[in-house]
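Here the structure is laid out as structure tokens; the discussion comes afterwards.
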Amino acid sequence: MLFGDFMMGARSRLLPPSLPFRFFGAAIFFHIAAWALLTVFADDAMGFVGGTGHVLAALHMITLGVLAMTAMGAAFQLLPVATKRPVRSVRACKAVFWLFMPGVAILAHGMGHQTPLAQGIGGTLVVAALALFGVLVADNLRRVTDMRVVTDYAWIALGSLALLGTLGAVLLADLSFGFLPDHRAVATAHGVIAAYGFMGMLAMGFSFILVPMFALSPPPDSTLGKRSAWLGGTALVLALAGLVHGIAPLVFVAGALGLGSVALYLRAMHKVLSGRMRKRLGDSFILIRLAWVMMPTSVVIGLLAAAGVLSDRTAPLFGFVLVFGWLLSFLMGVLQRIMPFLASMHSVKKGVKPVLVSALTADRPLRLHLICHCTALALVTVGILSGESLLVRIGAAAGLIGALSFASFAVLLWRRMRQHLNQVTQTSEKQ
Amino acid sequence: MTDAELFMDVRPLLAQGSDPLQSVVELAAAVEPGGRFTLAAPFNPLPLRRVLSQMGFSSQAHKLDDQHWHIILERDGQGRVEGEPTPEDCSGLPNPGAPLRREADGLHIDVRGMVAPMPMLAILRLVASVEADARIIVHHDRDPIYLAPELAEIGWSIEPLPSDLGERCFLVRRAA
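Protein sequences, first through last, are from chains A and B. My numbering applies: residue 1 is where the first sequence begins, and numbers increase by one. My numbering applies: residue 1 is where the second sequence begins, and numbers increase by one.
Structure (structure tokens):
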């Protein structure tokens, strides 16, 4: 009895490969589309502080199309394995994708072309998908008693998901009916809850599973994790209240608590990496470490923006460092590790060895993506600070090249996996 | 706490696929110094006994039949784990971080009850320290899904073995 039989016992918790990979494929598509939009509409990015248009569309392609899309694919695959409880319904997971993928596309189209109908339809599909995702994850989490740190982060992320969906729907309705006294304040709260609350908490929670697994380290300090999660949760509540009601001191307290939460999380991650067994972590951890630098940087820039230190022209730096610097860097670092890993796990057939992770990983496209991503972050940041839209455009173009390079990594991975499976089929037919 | 509460049967929890660690630790935390309690389990839960030894419990394991063990735990502050294989059983090997013993069919490593990814680390540490023709029998409480690609990467394979209820056994050896 060989590897294939071994995997049979885990099938209930290991979903069909097409499920996570459809999410990852869509994320790679939106990654390209977002950088392409920013390249074309770089002028609009200067001084962007909200309002519909192609920059808002690009921002949502990253937050929803890349970050949330990847988080969904990873959560559906990783949570059942980590919690030892199978996902309730594979069909429901597929439904999430078929609501979310077109929803994001229609919403981004509506935002870019300022079409309320498309925004309404796209927004409805996105909210429905997020709600179904929330129900499925909550169903899995409520059956877990032994993973307190991850589940604490995940519950806060789910609470944030409910809030951000509600705020998003209110903002879309306000575009048509204009009932909010301060649309920009609610939009900022929506962005903060989405980035730090939903995406941020998921990223931090999954770090407690993924980083030790990638680095081959002992599990992180759970006390640090729990304190970080609840400090972060408190910061989110205060930030929401402060932003919506215009109470600046609350926002500053929230920022300080947020920095405390980040410090505890980073301390836990530092301890994990200090005790690691795998010495060479590769390019993916350059991105992950870059993200860990950008994480507190975004909070500091946010506080500077709240204090009025940043002008309207430089204010977009907050959103850029937060979304592209922290979350996108982290997600792309994680994605390039879990895609070959999952493909390897799924490449087995009865009595046959799996294809090696190293054989599935095309290093050159990943190296090019890393260089382009870092170049994009640097150039767009300098462009925003100096007011030079040409720098933003060149930076976004670098990001686009990096996104295309990442896509070629994914295509090569898929082709190599197919080749392996074809060879396995031919071998078994000969036998 | 009454005497009737000083007994816990974790077999139904394990049969449902639930990890009883949290429940057992909560029960243990309520036991006064000098107090005792008994666990019923389908196997000898050495990792759990080691966790409880850190709380000051000495323990003895009694096999009643193939899938029924009674573990007697006493909070005497000494934390002795009677019957635990000694390092001398596997002299010459570095400590992988999990109980290890040598038997006729190979090296047995017991990673049950360990928090992920400690089982994977213990197995990979052991693999790195043994001869190429070694046979390692892993006693696990789940299918180690993430371990297989790591082993394949260094030229080792993993195969399931017949297992008792509440336990998953695997043979790890150099891939053919």
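Even for Gly, the Cβ is constructed at its ideal location relative to N, Cα and C.
What's the C-alpha gap between residue i and residue j?
i: residue 75(A); j: residue 137(A); result: 8 Å
i: residue 216(A); j: residue 115(B); result: 13 Å
i: residue 332(A); j: residue 243(A); result: 30 Å
i: residue 28(B); j: residue 19(B); result: 16 Å
i: residue 151(A); j: residue 240(A); result: 22 Å
i: residue 2(A); j: residue 171(B); result: Low per-residue confidence applies at residue 2(A): pLDDT is 45, beneath 50, and the placement is therefore not dependable, though the value from the model is reported in the following sentence. The straight-line gap from Cα to Cα measures roughly 10 Å.
i: residue 394(A); j: residue 28(A); result: 21 Å
i: residue 47(B); j: residue 33(A); result: 50 Å
i: residue 235(A); j: residue 225(A); result: 15 Å
i: residue 247(A); j: residue 363(A); result: 49 Å
i: residue 40(B); j: residue 26(B); result: 16 Å
i: residue 96(A); j: residue 16(A); result: 15 Å
i: residue 396(A); j: residue 289(A); result: 21 Å
i: residue 54(A); j: residue 152(B); result: 46 Å
i: residue 237(A); j: residue 254(A); result: 8 Å
i: residue 12(B); j: residue 42(B); result: 10 Å
i: residue 186(B); j: residue 124(B); result: Because residue 186(B) is not part of the residues shown, which for chain B are 1 to 176, the question remains open.
i: residue 154(B); j: residue 356(A); result: 9 Å
i: residue 147(A); j: residue 161(A); result: 21 Å
i: residue 64(B); j: residue 118(B); result: 30 Å
i: residue 281(A); j: residue 57(A); result: 34 Å
i: residue 4(A); j: residue 222(A); result: At residue 4(A), the pLDDT of 49 sits below 50, so the modelled position is not reliable; the number obtained from the coordinates is stated separately. Residue 4(A) and residue 222(A): Cα-Cα distance of roughly 35 Å.
i: residue 64(A); j: residue 104(A); result: 7 Å
i: residue 330(A); j: residue 189(A); result: 22 Å
i: residue 116(A); j: residue 110(A); result: 6 Å
i: residue 109(B); j: residue 38(A); result: 54 Å
i: residue 402(A); j: residue 169(A); result: 33 Å
Answer with buried or exposed for residue i, where buried requires no fewer than 16 other C-beta atoms within 10 angstroms of its C-beta.
i: residue 142(A); result: exposed
i: residue 128(B); result: exposed
i: residue 58(B); result: buried
i: residue 168(B); result: buried
i: residue 181(A); result: exposed
i: residue 84(A); result: buried
i: residue 150(B); result: buried
i: residue 178(B); result: Past the boundaries of the shown model lies residue 178(B); chain B is included only from 1 to 176, so the question cannot be answered.
i: residue 382(A); result: exposed
i: residue 422(A); result: exposed
i: residue 198(A); result: buried
i: residue 176(A); result: exposed
i: residue 112(B); result: buried
i: residue 75(B); result: buried
With which residues is residue i paired in a DSSP beta bridge?
i: residue 58(B); result: 74(B)
i: residue 359(A); result: DSSP, once it has assigned bridges, lists no residue as partnering residue 359(A).
i: residue 156(B); result: 174(B)
i: residue 38(B); result: 7(B), 72(B)
i: residue 65(B); result: 68(B)
i: residue 374(A); result: Note: residue 374(A) sits in no beta bridge, so no partner.
i: residue 413(A); result: Its beta-bridge partners do not exist; DSSP assigns none.
i: residue 81(B); result: 59(B)
i: residue 388(A); result: Answer is none; residue 388(A) lacks a bridge partner.
i: residue 325(A); result: In DSSP, residue 325(A) forms no bridge with anything.
i: residue 108(B); result: 101(B), 137(B)
i: residue 15(A); result: Answer is none; residue 15(A) lacks a bridge partner.
Name the chain A residues whose beta carbon is nearer than 7 Å to that of residue i?
i: residue 59(B); result: Here the premise fails: no neighbours, minimum Cβ distance about 21 Å.
i: residue 115(B); result: 219
Can you tell me whether residue i sits near the ligand PLP, meaning its C-beta is under 7 Å from at least one heavy atom of the ligand?
i: residue 191(A); result: Annotation note on the ligand PLP: not contained in the displayed structure, which lists no ligands.
Which residues of chain B have a Cβ atom closer than 8 Å to the Cβ of residue i, listed in chain order?
i: residue 341(A); result: 146, 149
i: residue 16(A); result: Under the 8 Å cutoff, chain B gives no residues; its nearest Cβ is about 15 Å from residue 16(A).
i: residue 277(A); result: 121, 124, 125
What residues of chain B sit near residue i, judged by a beta carbon separation below 9 Å?
i: residue 281(A); result: What residue 281(A) touches in chain B: nothing, since even the nearest Cβ is about 14 Å away.
i: residue 216(A); result: 117, 120, 121, 124, 150
i: residue 344(A); result: 148, 149, 152, 153
Under 9 Å between beta-carbons, which chain A residues line up against residue i? List them in chain order, please.
i: residue 73(B); result: Within 9 Å Cβ-Cβ: nothing; residue 73(B) doesn't reach chain A, min ~20 Å.
Check whether the Cβ of residue i lies closer than 8 Å to any Cβ atom in chain C.
i: residue 157(B); result: In the structure shown, chain C cannot be found, because the protein chains are A and B.
Chain A partners of residue i, CB-CB under 8 Å?
i: residue 153(B); result: 356, 357, 358
i: residue 175(B); result: 353
i: residue 142(B); result: 84
Listing by chain order, which chain B residues have their CB less than 7 Å from the CB of residue i?
i: residue 81(A); result: 145
i: residue 213(A); result: 117, 146
Any chance you could list the beta strand (DSSP E) runs of at least 3 consecutive residues sitting entirely within the stretch 238-286 of chain A, in chain order? none
In chain order, which continuous runs of the alpha helix (DSSP H) of length 4 or greater are located wholly inside the stretch 128-212 of chain A? 148-177, 183-192
Runs of alpha helix (DSSP H) lying entirely within the stretch 68-94 of chain A, each at least 4 residues, in chain order: 69-83
Any alpha helix (DSSP H) of 4 or more consecutive residues that is wholly inside the stretch 36-71 of chain A: 42-45, 54-60
Ignoring anything shorter than 4 residues or poking outside the stretch 110-146 of chain B, list the alpha helix (DSSP H) runs there in chain order. 118-129
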